[in-house]
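Residue numbers (this note's numbering), protein chains in the order written: chain A, 1 to 612; chain B, 1001 to 1612.
Below is the structure:
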């Protein structure tokens, strides 16, 4: 789920990456390193998700960790094989949105887009909580404050992304390699141990293991399988980014995909073997990965290095959503499925609205989950599997069209397995939060369509595609609201007489003695000043500032239909920022009322106090 | 601290109340009822504040409740006598701000205004927490959620005040009478009991009584005295509202003041006699008043009636701040001590900014205190006593000028006692939150003065009081940013040619192939349309929308200094509110950049889609 992913995922070939020189393109090895970040990061929470489900059946249940992991590894093999075929068929990048658009119609492509949006959001929440869990496993004193730390990390990532970073997939190679190396060392060393060398990290923590049982239901195994499938998130990334590879791109990407599957499989199976070997029991507040590191390497410097590498990788994994989602939203905005603001880049080259939206929704999810990874992981898995299923189903249709039945069968198997997994996760975790996705995904699709229809209607009203009336000149009357006689008034009248055929100053007068006196004084000063612009007194019964002006504009429009009325609002703007608090906002109130009640053009003249 | 209070308090005689018919004016009795709300409400937390301090010295300490209360009653007598004199001297209403302004100079009057602001804010926080404490004493199950309930009550009061209620001091008569009646019944019945009839409310709650001691320090007594003085808040209300009384206003107000002092004294002493008689021990989660009610009337319907009456009175007491502070802020805004927005009434006749500001600061205080009355009470007492001291000191100077030495002596005694009390509360409670007031009060005064100086400089720059240059006509050039050719473009050009001597359409073009193609298409369509307005292409290197326009404006200004440049930004505005989210904000981005970088006039044309 890197930046490249989304770019290609949503609109294959719509835009070439800025750097297309072969020198900058990926080989199988660098591609693997650069694009596997999300998949590798999921090793930090996938095995734990299995163990936590099985712990409900006590030590006997934990014995099933390895079989469940092997089943997941089997699904991984099918997925990798399927995605090899996707790469071959969609060398321009074949994400679920692209495949669905090509083969399954608009509605399904929107479901794919919706599930992608959810994935990006959940990826942030899961990665942040899992990263903080790695941190609190190393420093248990921070466990009580984990939600605050999660929100802090989120704020940090958001701030960095709002500043605008030039993110490059290549920057991810080193941390990914360090993390994978560390996990492989943990596994290799662990295999030579007969018993844990240390349990320091988990000592004193409450075990979440249930009393021992001697039977284990099929439902529990399904649940464990479904939760563990979260470890498979990210295997689609390479298939989405084929154009980033050096030629022959498809072949290199396929090789990288297979290598990714192999590495991921080895890590998953290796970790689960260690879990069985050490008879690991899940405890509250320390991750399974931390316990395994402890058991394998001891509670020393190496332990902290692994925890730190995990945290960094997970934070980077969260960061990729900030690169990807705004790009996806921009492409959806271009197709009129989300508000156009998401397509608007600010001066810093950042899709600010997308970044802020992602941060807000992720923060809500963090609070909803209380900073707990294992509440979020099943939700994450649903969206991922919906995307997998759609992509694979599209591929079946693709191969059917070319009558390649063997390939259709493989993708069909992938679709079946991931579809069943999606249903299983949703059903088994419905009460634990999966209902959120069941509501959010259709709601997103309906929202996309509502926005699309609304833009259609707006385009019709604006006469998009038709030649509009030619412009014509109208008599122009400019109104200037004034409340005192200063240099600002003079500036405003100069602007007004330059713009209008006729200019009138208006002043709102409330029926209290103080205000009447002030108005009369203003009228006397005005007569003395004699600016050749009449001053009209607008009485206000209800102490309102804006309404009398807008009523006057309405009356003018009714009396002189051929005249264009413009309201010019002068405002003094102090140089120092804090002094802007001193502005009286009368201008804003008048502008608001005129805008609400009339179709007059509103001009605002800012008079810089520093400049004078 | 009613609405009338602040109005008169800050600017005696500046504004007559709208209804000045004698029929609507107050007699001594209705005046007492209408203006004593805040003073009476303080009975709900004053005695408790004493008991809680003394509880630190165990049962022996609690024995000093009555002596401390008698001392406070003595201070009350002095204060009432002093305020009788204030009424006589300031028949237009003599709040601390008015007295200080007349006799102690600008700086001191600002200190008085600052302490008034703090009082209004703390009154909200104290009244809300005390009201909720009355509620949770009746329904202990709610105790854990008291902060949330406090914030809920605050939101409710704020919402009511933002809607704009016509609040009348008269509406307070019934609840005040019910509350005072209820308290007097509790006292009267209690005096006939030998032992509590019920301890149901406090059963099972943790006692906060310390182990018994046999000595009690002077410091503890001083602390108890200082905390208990919070019961005296509100005795200044009548003196501030003299003009609301029926003639002879001063005489009636003096009578009401004495009656207020008498009633308050009876209630305070009565309650403290009951505390001693029943050997009451303060417990966590149940107010002293609730325990006394229980002990006196039994844990039956009457108990709930008293709790409910207390809660209602305290909520109304909080509400009075919402009437008073915005009026005070308006008067300070008129004198240029706070930003002028605080003087701006919205269409609903509400000082919206004042109400919102009060709500936000009160909410912060509620969170700071965790919804606990007894954290806030000492803070409240400080501000009140600072105000008392300033008013009394001012009165001393007043009598000195007229050489009425007897009266000067009485007010001098009042000033001394309240001044000492202010110092004692600040010193003894410094670590418990009083530091907040020690920082906030000078900070407020400095802020008032900074705002005043800034307005002075702004007025100078604007040439307030001088006759400005007469306006003159300049050549006018109107720029219209366009990105497509629709009815909106046509409307914008019509407005532009009506306003300007010359009109140019500008379009920003980014150096990517897609954008270049779109721009070329627009230029072809433009040529075909032929609107007699040139279309200028502004290249943008950095994918920025606003900067190229503002750079172009700067270049035009430099090339043609005599020309006034106006940027007219057309925007389509859908009828339905949610569809406004679909606006692309390009207009806002351009307007922001032009406003930041240039002094061009910015016109915004809203094209209503519904109207077309």
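Where a beta carbon is used, it is the ideal one built from N, C-alpha and C, also for glycine.
Check your understanding: Can you tell me where the beta strand (DSSP E) with residue 1479 of chain B in it begins and where it stops?
Key -> Position 479 of the second chain holds residue 1479 of chain B. That run of the beta strand (DSSP E) goes 1475 to 1481.
Review point. Nearest to residue 1279 of chain B by CA position, among B:1054, B:1505 and B:1079, is which residue?
Key: In the second chain, residue 1279 of chain B corresponds to position 279, counting from 1. Of all alpha-carbon atoms in B:1054, B:1505 and B:1079, the one lying nearest the alpha-carbon of residue 1279 of chain B is that of B:1054.
Exercise for review: Would you please verify whether the beta carbon of residue 1375 of chain B is less than 8 angstroms from any beta carbon of chain A?
Suggested key: Start at 1 with the first residue of the second chain, and residue 1375 of chain B comes out as number 375. With 8 angstroms as the cut-off, residue 1375 of chain B does not count as an interface residue toward chain A.
Check your understanding: How long is the line joining the alpha carbons of residue 1074 of chain B and residue 152 of chain A, rounded to whole angstroms?
Key -> Residue mapping note: residue 1074 of chain B aligns to position 74 of the second chain, counting from 1. Residue mapping note: residue 152 of chain A aligns to position 152 of the first chain, counting from 1. So the alpha carbons of these two residues sit roughly 54 angstroms apart.
Check your understanding: Nearest chain A C-beta to residue 1340 of chain B closer than 8 angstroms, yes or no?
Key -> Residue 1340 of chain B sits at position 340 when you count from the first residue of the second chain. For residue 1340 of chain B, the nearest beta carbon of chain A is closer than 8 angstroms to its own beta carbon.
**Study point:** Backbone secondary structure at residue 287 of chain A - three-state DSSP
**Key:** Locating residue 287 of chain A in the first chain gives position 287, where the first residue counts as 1. It is coil, neither helix nor strand.
Practice item. Taking only beta-carbon positions, decide if residue 1469 of chain B is within less than 8 angstroms of chain A. Key: Working through the second chain from its first residue, we reach residue 1469 of chain B at position 469. Taking 8 angstroms as the threshold, the shortest C-beta distance from residue 1469 of chain B to chain A falls below it.
Check your understanding: If you measure beta-carbon to beta-carbon, which residues of the segment 1452 to 1466 of chain B are closer than 7 angstroms to chain A?
Key -> Along the segment 1452 to 1466 of chain B, the positions whose C-beta sits under 7 angstroms from a C-beta of chain A are 1454, 1455, 1458, 1461, 1462, 1463 and 1464, read in chain order.
Check your understanding: Going by alpha carbons, who is nearest to residue 311 of chain A out of A:122, A:43, A:27 and A:567?
Key -> The sequence position of residue 311 of chain A within the first chain is 311, counting from 1. Measuring from the Cα of residue 311 of chain A, the nearest candidate turns out to be A:43.
Check your understanding: Where residue 608 of chain A and residue 576 of chain A are concerned, what is the direct C-alpha to C-alpha distance, given to the nearest angstrom?
Key -> Walking along the first chain from the start, residue 608 of chain A turns up at place 608. Walking along the first chain from the start, residue 576 of chain A turns up at place 576. Cα-Cα distance, rounded: 11 angstroms.
Point to revise | Proximity test, Cβ basis, 8 angstroms: residue 603 of chain A and chain B | key: On the first chain, residue 603 of chain A is found 603 positions in, with the first residue counted as 1. Closer than 8 angstroms to some Cβ of chain B, the Cβ of residue 603 of chain A qualifies, so yes.
Check your understanding: Along the chain, where does the alpha helix (DSSP H) that runs through residue 1133 of chain B open and close?
Key -> One-based indexing of the second chain puts residue 1133 of chain B at position 133. First-last of the alpha helix (DSSP H) with residue 1133 of chain B: 1105 to 1138.
Check your understanding: Would residue 599 of chain A count as contacting chain B if we go by Cβ distances under 8 angstroms?
Key -> Locating residue 599 of chain A in the first chain gives position 599, counting from the first residue. It does: the Cβ of residue 599 of chain A has a partner Cβ on chain B nearer than 8 angstroms.
Review point. Buried or exposed: residue 578 of chain A, going by 16 or more other Cβ atoms within 10 Å of its Cβ?
Key: Within the first chain, numbered from 1, the residue matching residue 578 of chain A stands at position 578. It counts as exposed.
Practice item. Under 7 angstroms Cβ to Cβ from residue 21 of chain A, same chain only, skipping five residues before and after it: list those, please. Key: For the purposes of this step, residue 21 of chain A is taken as the residue at position 21 of the first chain. For residue 21 of chain A, the predicted structure reports a pLDDT of 46, less than 50, and the residue's modelled location is therefore unreliable. A value from the coordinates is still provided. The answer is none, since no qualifying residue turns up.
Point to revise | residue 1309 of chain B burial status per 10 Å Cβ neighbour count (16 or more: buried) | key: Here residue 1309 of chain B corresponds to residue number 309 of the second chain, with the count starting at 1. Residue 1309 of chain B comes out buried.
Check your understanding: Relative to the C-alpha of residue 397 of chain A, which residue among A:547, A:252 and A:102 is closest?
Key -> Stepping through the first chain from its first residue, residue 397 of chain A is reached at position 397. Residue 397 of chain A has its Cα closest to that of A:102, out of A:547, A:252 and A:102.
Point to revise | Three CB pairs or more closer than 8 angstroms across the segment 254 to 264 of chain A and the segment 27 to 38 of chain A | key: Yes, since at least three Cβ pairs between the segment 254 to 264 of chain A and the segment 27 to 38 of chain A fall closer than 8 angstroms, the two stretches touch.
**Study point:** Assigned secondary structure, residue 1508 of chain B (DSSP; H/G/I helix, E/B strand, else coil)
**Key:** As a working note, residue 1508 of chain B is residue 508 in the second chain. Note: residue 1508 of chain B maps to strand in three-state DSSP.
Exercise for review: Under 7 angstroms Cβ to Cβ from residue 589 of chain A, same chain only, skipping five residues before and after it: list those, please.
Suggested key: Here residue 589 of chain A corresponds to residue number 589 of the first chain, with the count starting at 1. Hits under 7 angstroms: 545 and 546.
Exercise for review: Using three-state DSSP, classify residue 317 of chain A as helix, strand or coil.
Suggested key: Looking up residue 317 of chain A in the first chain gives position 317. Residue 317 of chain A falls in the helix class under three-state DSSP.
Practice item. Give the DSSP-derived three-state secondary structure of residue 542 of chain A in the structure shown. Key: What you label residue 542 of chain A is simply residue 542 of the first chain in a count that begins at 1. Three-state result, residue 542 of chain A: coil.
Check your understanding: Name the chain B residues that come within less than 7 angstroms of residue 584 of chain A, Cβ to Cβ?
Key -> In the first chain, the residue the question calls residue 584 of chain A occupies position 584. By Cβ distance, chain B contributes 1340, 1341 and 1344.
**Study point:** Cβ-based contacts, 7 angstroms cut-off: residues of the segment 562 to 584 of chain A near chain B
**Key:** Listed by position, the residues of the segment 562 to 584 of chain A near chain B (Cβ gap below 7 angstroms) are 564, 566, 572, 574, 579, 581, 582 and 584.
Check your understanding: DSSP state of residue 1560 of chain B, grouped into three classes?
Key -> Here residue 1560 of chain B refers to the residue found at position 560 when the second chain is read from its first residue. Note: residue 1560 of chain B maps to coil in three-state DSSP.
Review point. Do we get a CB-CB distance below 8 angstroms when we pair residue 524 of chain A with the residues of chain B?
Key: The residue labelled residue 524 of chain A in the question sits at position 524 within the first chain. False, the Cβ-Cβ gap to chain B never drops below 8 angstroms.
Point to revise | From B:1061, B:1097, B:1057 and B:1071, residue whose alpha carbon lies closest to that of residue 1389 of chain B | key: What you label residue 1389 of chain B is simply residue 389 of the second chain in a count that begins at 1. Closest option to residue 1389 of chain B, judged by alpha-carbon separation, among B:1061, B:1097, B:1057 and B:1071: B:1097.
Check your understanding: In its own chain, which residues sit with a C-beta less than 6 angstroms from the C-beta of residue 114 of chain A, not counting the 5 before and 5 after it?
Key -> By one-based count along the first chain, residue 114 of chain A stands at place 114. Excluding residues within five positions, the ones whose Cβ falls inside 6 angstroms are 441, 444 and 445.
Exercise for review: Return no unless some Cβ of chain B is closer than 8 angstroms to the Cβ of residue 351 of chain A.
Suggested key: Translated into positions along the first chain, residue 351 of chain A becomes position 351. With 8 angstroms as the cut-off, residue 351 of chain A does not count as an interface residue toward chain B.
**Study point:** Below-8 angstroms beta-carbon distance, residue 1472 of chain B vs any chain A residue
**Key:** Here residue 1472 of chain B refers to the residue found at position 472 when the second chain is read from its first residue. For residue 1472 of chain B, the answer is yes, since a Cβ of chain A falls inside 8 angstroms of its Cβ.
Point to revise | C-alpha distance - residue 405 of chain A paired with residue 395 of chain A, whole-angstrom precision | key: The count along the first chain starts at 1 and reaches residue 405 of chain A at position 405. The count along the first chain starts at 1 and reaches residue 395 of chain A at position 395. If you draw a straight line from the Cα of residue 405 of chain A to the Cα of residue 395 of chain A, it comes to about 11 angstroms.
**Study point:** Closest residue to residue 1481 of chain B among B:1177, B:1324 and B:1504 (Cα-Cα distance)
**Key:** Mapped onto the second chain, residue 1481 of chain B falls at position 481. Of B:1177, B:1324 and B:1504, the residue nearest in Cα terms is B:1504.
Review point. Buried or exposed: where does residue 621 of chain A fall if 16 or more other Cβ atoms within 10 Å of its Cβ makes it buried?
Key: With chain A covering only 1 through 612, there is no way to say anything about residue 621 of chain A.
**Study point:** Nearest-angstrom Cα separation, counted from residue 1550 of chain B out to residue 1593 of chain B
**Key:** Indexing the second chain from 1 puts residue 1593 of chain B at position 593. Indexing the second chain from 1 puts residue 1550 of chain B at position 550. Rounded to the nearest angstrom, the two C-alpha atoms are 6 angstroms apart.
Check your understanding: Between residue 1504 of chain B and chain A, is there a C-beta pair that is closer than 8 angstroms?
Key -> Locating residue 1504 of chain B in the second chain gives position 504, counting from the first residue. For residue 1504 of chain B, no CB of chain A lies under 8 angstroms from its own CB, so it is not counted at the interface with that chain.
Check your understanding: Pick from B:1521, B:1532, B:1513 and B:1524: whose alpha carbon is nearest that of residue 1502 of chain B?
Key -> To locate residue 1502 of chain B, count along the second chain from 1; it is residue 502. Comparing Cα-Cα distances from residue 1502 of chain B to each of B:1521, B:1532, B:1513 and B:1524, the minimum goes to B:1532.
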